[in-house]
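Participant: I'd like to ask you about the structure that follows.
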Amino acid sequence: VIDIHSGAGAIAASVRARQISAEAVIAAAQSEVAARDPVLNCFTSLYGEAALKEARALDARIAAGEVLGPLAGVPFGVKNLYDVADFVTLAGSKINQENPPAKSDATMVARLRRACAIPIGAQNMDEYAYGFTTENAHYGVTCNPHDTSRVAGGSSGGSAAAVAAGMTPFSLGSDTNGSIRVPASFCGVFGLKPTFGRLPRTGTYPFVSNLDHLGLFARSTADLALVYDVLQGPDPFDTACSQRPVEPVGPTLDLFCPLRIATLGDWFQDGAGPEALAALSSVAAALGGGPAVSLPEAARARAAAFCLTAAEGAALHLADLRARPGDFDPATRDRFLAGALLPSAVLIRAQRLRRWFQDQAAELFRRFDLLLAPAAPCVAPSIGQATLRLGDREMPARPNIGLYTQPISFIGLPVVAVPVHPPGGMPVAVQLIARPWQEQTAFRAAAHLERAGVVGARIAAL
Amino acid sequence: MVVDEQTVAALDSLLELNIPPEYAAGVAENLAQLLVQAKLVMELELPQDTEPAPVFRA
Chain A
1 VIDIHSGAGA
11 IAASVRARQI
21 SAEAVIAAAQ
31 SEVAARDPVL
41 NCFTSLYGEA
51 ALKEARALDA
61 RIAAGEVLGP
71 LAGVPFGVKN
81 LYDVADFVTL
91 AGSKINQENP
101 PAKSDATMVA
111 RLRRACAIPI
121 GAQNMDEYAY
131 GFTTENAHYG
141 VTCNPHDTSR
151 VAGGSSGGSA
161 AAVAAGMTPF
171 SLGSDTNGSI
181 RVPASFCGVF
191 GLKPTFGRLP
201 RTGTYPFVSN
211 LDHLGLFARS
221 TADLALVYDV
231 LQGPDPFDTA
241 CSQRPVEPVG
251 PTLDLFCPLR
261 IATLGDWFQD
271 GAGPEALAAL
281 SSVAAALGGG
291 PAVSLPEAAR
301 ARAAAFCLTA
311 AEGAALHLAD
321 LRARPGDFDP
331 ATRDRFLAGA
341 LLPSAVLIRA
351 QRLRRWFQDQ
361 AAELFRRFDL
371 LLAPAAPCVA
381 PSIGQATLRL
391 GDREMPARPN
401 IGLYTQPISF
411 IGLPVVAVPV
421 HPPGGMPVAV
431 QLIARPWQEQ
441 TAFRAAAHLE
451 RAGVVGARIA
461 AL
Chain B
463 MVVDEQTVAA
473 LDSLLELNIP
483 PEYAAGVAEN
493 LAQLLVQAKL
503 VMELELPQDT
513 EPAPVFRA
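Those sequence lines, one after another, are chains A and B.
Residues 1 to 462, numbered by our numbering, are exactly what the first sequence covers, in order.
Residues 463 to 520, numbered by our numbering, are exactly what the second sequence covers, in order.
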């Protein structure tokens, strides 16, 4: 009997031990998708027979006595901005449908295949990753598996929702301003946005090159670590990718030692709803508590990330914005066009502010090992919801969902988003924010919280 | 600063984006939101020796 919900580590162990075949695992995952995706709309394309063929090849290697990689037979999904050989990389757009199929895999997909994982399909997202809701005018909305009247978050919404619905044990996403951490929060799964430059971006469709991070979703810290360790390592073709060697976090998950914790106050709690604050409080208490501290000028840091994103995103798409603006999703088109009109002095100042803000965070990290903040101000909004209530203010929803994530990705800090499921309520996540290159600190804290039962992912019952 | 469809048209003429008139109101609304954020960025006095932080490695 195949338990497709048992997680990446358990599936790989069963396949390697020849208790189940890779083909049966992939077929089971495809059955899950067939049963659930008509309601949820996580996938924009499925690899069908190609994935089964890959699984059969793995089974043949096992039968021949070969020892397979650590993700043997594990199905996964990719946000549709990752190149997968022989398939068109859509990046959530209609325009990219005209592109030829990718000639080769993105580096991260290739590394997963080398570890014997099998991609089963590409997943829905906001057009060109510019959004927090995955309400895509071309490919439809991805529904939240815990309440299908609500959004899954974005821009990696299809990837997070597929994991929350139990279709795949993990999915690849990307995070420029919060696009992994927000959907992790809304869908109640673990999300990793590593340090900027940690994971290689070669073969992925860019958004804002100096802010783009790649990462993933999973339903346990152990799976998140297992996959992350396979993905690490330098990439000569990504100029931002670090030369640091692989620094495995998997072996360190049980090594929890007391950490100096602080909770980010001011901007990072201003307007937060009761669910976000309760989750933050329970996570902080389980980690031994700590003071509330201020990360100075976080509002301006968020503003700088907002401006850089609009302007650089617009610059990337300028030719299409000129030639065929009607082919864009209206929700992204007008923002891109506005970004194209932004004065250059703002962008230079934003880049200088980035350096200054980085120093402010470094100052905090002299006193603390881990900073905590909500991943989103609220639980998942309803599909089509135009505004959010933040404290006593009614604010436009789309631009304000990433309030607490944007200042953190602006300076590239590593974050594990850990999900909290209140009884009877919608999930929310807390950001565990570590020093640059200290992912293992956030991972160890996440594993500790999971063991304590404070955080955890649940497969949504549909 | 008032940002309206005339503002968008004036800026558009510099860049030759040829923004269709039917999009001008939506662009103006987004530009107004963007300029609120830009003001926050520009207001903060930074030390003269704070260098920009774009990413490039040769």
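Don't be surprised by glycine CBs; every beta carbon is placed ideally from N, CA and C.
Quick caveat, the model's predicted, so the values are computed rather than measured.
Going by DSSP, what residue range makes up the beta strand (DSSP E) through residue 394 of chain A?
Facilitator: Position 394 of the first sequence holds residue 394 of chain A. That run of the beta strand (DSSP E) goes 393-396.
Participant: With a threshold of 9 Å between beta carbons, is residue 467 of chain B in contact with chain A?
Facilitator: As a working mapping, residue 467 of chain B is identified with position 5 in the second sequence. Judged by the 9 Å Cβ criterion, residue 467 of chain B is not in contact with chain A.
Participant: Going by C-alpha distance, which of A:396, A:305, A:79 is nearest residue 120 of chain A?
Facilitator: In the first sequence, residue 120 of chain A corresponds to position 120, counting from 1. If we check each option's Cα against that of residue 120 of chain A, A:79 comes out closest.
Participant: By the DSSP assignment, the beta strand (DSSP E) with residue 185 of chain A in it spans what residues?
Facilitator: Residue mapping note: residue 185 of chain A aligns to position 185 of the first sequence, counting from 1. Run containing residue 185 of chain A: none in the beta strand (DSSP E); it sits in the alpha helix (DSSP H), 181-187.
Participant: Taking C-beta pairs closer than 8 Å, name the residues in chain A that residue 513 of chain B reaches, listed in chain order.
Facilitator: As a working note, residue 513 of chain B is residue 51 in the second sequence. The answer, in chain order, is 352, 355.
Participant: Looking at the C-beta of residue 209 of chain A, does it have a partner C-beta in chain B at a distance below 9 Å?
Facilitator: Residue numbering aside, residue 209 of chain A sits at position 209 when the first sequence is read from its first letter. Residue 209 of chain A counts as touching chain B.
Participant: Ordered along the chain, which non-local residues of its own chain (more than five positions away) have a Cβ less than 6 Å from that of residue 95 of chain A?
Facilitator: Translated into the one-based positions of the first sequence, residue 95 of chain A becomes position 95. Counting only Cβ-Cβ distances below 6 Å, and skipping sequence neighbours, we find 320, 327.
Participant: Under 9 Å between C-beta atoms, does residue 237 of chain A make it to chain B?
Facilitator: The residue given as residue 237 of chain A occupies position 237 in the first sequence. With 9 Å as the cut-off, residue 237 of chain A does not count as an interface residue toward chain B.
Participant: Chain B beta carbons: is any one of them nearer than 9 Å to that of residue 393 of chain A?
Facilitator: Here residue 393 of chain A refers to the residue found at position 393 of the first sequence. Not closer than 9 Å to any Cβ of chain B, the Cβ of residue 393 of chain A fails to qualify, so no.
Participant: What are the residues that DSSP puts in a beta bridge with residue 119 of chain A?
Facilitator: Position 119 of the first sequence holds residue 119 of chain A. In DSSP, residue 119 of chain A forms a bridge with A:76.
Participant: Thinking just about the alpha-carbon of each residue, which of A:84, A:385, A:289, A:244 is nearest to the one in residue 45 of chain A?
Facilitator: The count along the first sequence starts at 1 and reaches residue 45 of chain A at position 45. Among A:84, A:385, A:289, A:244, the Cα nearest to that of residue 45 of chain A is on A:84.
Participant: Quick check on the DSSP output: the alpha helix (DSSP H) that includes residue 162 of chain A runs from which residue to which?
Facilitator: As a position in the first sequence, residue 162 of chain A is number 162, starting the count at 1. That run of the alpha helix (DSSP H) goes 157-164.
Participant: Is there at least one Cβ from chain A nearer than 9 Å to residue 504 of chain B's Cβ?
Facilitator: Position 42 of the second sequence, counted from the start, is the residue given in the question as residue 504 of chain B. Judged by the 9 Å Cβ criterion, residue 504 of chain B is in contact with chain A.
Participant: Measuring CA to CA, which of A:167, A:361, A:54 is closest to residue 115 of chain A?
Facilitator: The residue given as residue 115 of chain A occupies position 115 in the first sequence. Nearest option by C-alpha distance: A:54.
Participant: What three-state label does DSSP hand residue 135 of chain A in the structure shown?
Facilitator: Reading the first sequence from its first residue, position 135 is the one you call residue 135 of chain A. Strand at residue 135 of chain A.
Participant: DSSP on residue 52 of chain A, reduced to helix/strand/coil?
Facilitator: For the purposes of this step, residue 52 of chain A is taken as the residue at position 52 of the first sequence. Residue 52 of chain A: helix per DSSP, three-state reduction.
Participant: Looking only at its own chain, which residues have a Cβ that is under 7 Å from the Cβ of residue 168 of chain A, when we skip the five neighbours before and after it?
Facilitator: What you label residue 168 of chain A is simply residue 168 of the first sequence in a count that begins at 1. Cβ neighbours of residue 168 of chain A beyond the five flanking positions: 29, 75, 76, 77, 120, 162.
Participant: What are the residues of the stretch 335-350 of chain A that lie near chain B, defined by any Cβ-Cβ distance shorter than 8 Å?
Facilitator: Those would be 335, 337, 338, 339, 340, 341, 342, 343, 345, 346, 348, 349, 350, in chain order.
Participant: Which class does residue 228 of chain A belong to by DSSP, given the choice of helix, strand or coil?
Facilitator: Mapped onto the first sequence, residue 228 of chain A falls at position 228. Helix at residue 228 of chain A.
Participant: Contact check, residue 446 of chain A vs residue 190 of chain A under 8 Å by CB: the rounded distance?
Facilitator: Start at 1 with the first residue of the first sequence, and residue 446 of chain A comes out as number 446. Start at 1 with the first residue of the first sequence, and residue 190 of chain A comes out as number 190. Correct: roughly 7 Å between the Cβ atoms.
Participant: Count the other CB atoms within 10 Å of the CB of residue 263 of chain A; is the residue buried (16 or more) or exposed (fewer)?
Facilitator: Position 263 of the first sequence, counting from 1, holds the residue named residue 263 of chain A. By the neighbour-count rule (16 or more Cβ atoms within 10 Å), residue 263 of chain A is buried.
Participant: Would you grab the beta carbon distance between residue 138 of chain A and residue 329 of chain A for me? Rounded to a whole angstrom, and I think it's under 8 Å.
Facilitator: Within the first sequence, the letter at position 138 stands for residue 138 of chain A. Within the first sequence, the letter at position 329 stands for residue 329 of chain A. Contact flag correct, Cβ pair sits at about 6 Å.
Participant: Identify each residue in the stretch 295-307 of chain A for which the Cβ-Cβ distance to at least one residue of chain B is less than 7 Å, and report them in chain order.
Facilitator: Correct list: 297, 299, 300, 303, 304, 306, 307.
Participant: Are residue 337 of chain A and residue 479 of chain B close, meaning C-beta to C-beta below 9 Å?
Facilitator: By one-based count along the first sequence, residue 337 of chain A stands at place 337. By one-based count along the second sequence, residue 479 of chain B stands at place 17. Cβ distance < 9 Å, so residue 337 of chain A and residue 479 of chain B count as in contact.
Participant: For a contact meaning CB atoms closer than 8 Å, what does residue 248 of chain A contact in chain B?
Facilitator: As a first step, residue 248 of chain A is located in the first sequence; it is residue number 248 there, counting from the start. None at all; the shortest Cβ gap to chain B is about 24 Å.
Participant: Mind the definition here: the stretch 256-270 of chain A touches the stretch 287-297 of chain A only if three or more C-beta pairs lie below 8 Å; say whether that holds.
Facilitator: The answer is yes - the stretch 287-297 of chain A touches the stretch 256-270 of chain A, with three or more Cβ pairs under 8 Å.
Participant: Might you give, ordered along the chain, the residues of its own chain that have their beta carbon closer than 7 Å to the beta carbon of residue 300 of chain A, omitting 5 neighbours on each side?
Facilitator: Along the first sequence, read from residue 1 onward, the residue named residue 300 of chain A stands at position 300. Closer than 7 Å at Cβ, skipping near neighbours: 353.
Participant: In terms of DSSP beta bridges, what is residue 292 of chain A paired with?
Facilitator: Translated into the one-based positions of the first sequence, residue 292 of chain A becomes position 292. Looking at the DSSP assignment, residue 292 of chain A forms a beta bridge with A:263.
Participant: Counting only C-beta atoms, is residue 483 of chain B closer than 9 Å to chain A at any point?
Facilitator: Position 21 of the second sequence, counted from the first residue, corresponds to residue 483 of chain B. Output row for residue 483 of chain B: interface = no.
Participant: If the criterion is Cβ atoms closer than 9 Å, does the pair residue 183 of chain A and residue 149 of chain A meet it?
Facilitator: The residue you call residue 183 of chain A lines up with position 183 of the first sequence. The residue you call residue 149 of chain A lines up with position 149 of the first sequence. Not closer than 9 Å, so no.
Participant: Could you tell me which of A:252, A:383, A:453 sits nearest to residue 225 of chain A, measuring between CA atoms?
Facilitator: Position 225 of the first sequence, counted from the start, is the residue given in the question as residue 225 of chain A. Checking every option, the nearest Cα to that of residue 225 of chain A belongs to A:252.
Participant: Below 8 Å on the Cβ atoms is my guess for residue 186 of chain A versus residue 123 of chain A; work out the distance and round it to an integer in Å.
Facilitator: The sequence position of residue 186 of chain A within the first sequence is 186, counting from 1. The sequence position of residue 123 of chain A within the first sequence is 123, counting from 1. Between residue 123 of chain A and residue 186 of chain A the Cβ distance is about 15 Å, and since that is not below 8 Å, they are no contact.
Participant: Kindly list, in the order they appear in chain A, the residues whose Cβ is closer than 8 Å to that of residue 500 of chain B.
Facilitator: Sequence index remark: in the second sequence, residue 500 of chain B carries index 38 (1-based). Near residue 500 of chain B (Cβ distances below 8 Å), the residues of chain A are 303, 307, 342, 343, 346.
Participant: Compute the distance between the beta-carbons of residue 283 of chain A and residue 432 of chain A, then report whether it is under 9 Å.
Facilitator: As a position in the first sequence, residue 283 of chain A is number 283, starting the count at 1. As a position in the first sequence, residue 432 of chain A is number 432, starting the count at 1. Result yes, Cβ atoms of residue 283 of chain A and residue 432 of chain A sit closer than 9 Å.
Participant: Pair every Cβ in the stretch 198-215 of chain A with every Cβ in the stretch 226-241 of chain A, then say whether three or more of these pairs are closer than 8 Å.
Facilitator: The stretch 198-215 of chain A, when compared against the stretch 226-241 of chain A, does touch it at the 8 Å Cβ threshold.
Participant: Quick check: is the beta carbon of residue 233 of chain A nearer than 9 Å to any beta carbon in chain B?
Facilitator: The residue labelled residue 233 of chain A in the question sits at position 233 within the first sequence. So no, residue 233 of chain A is outside the interface.
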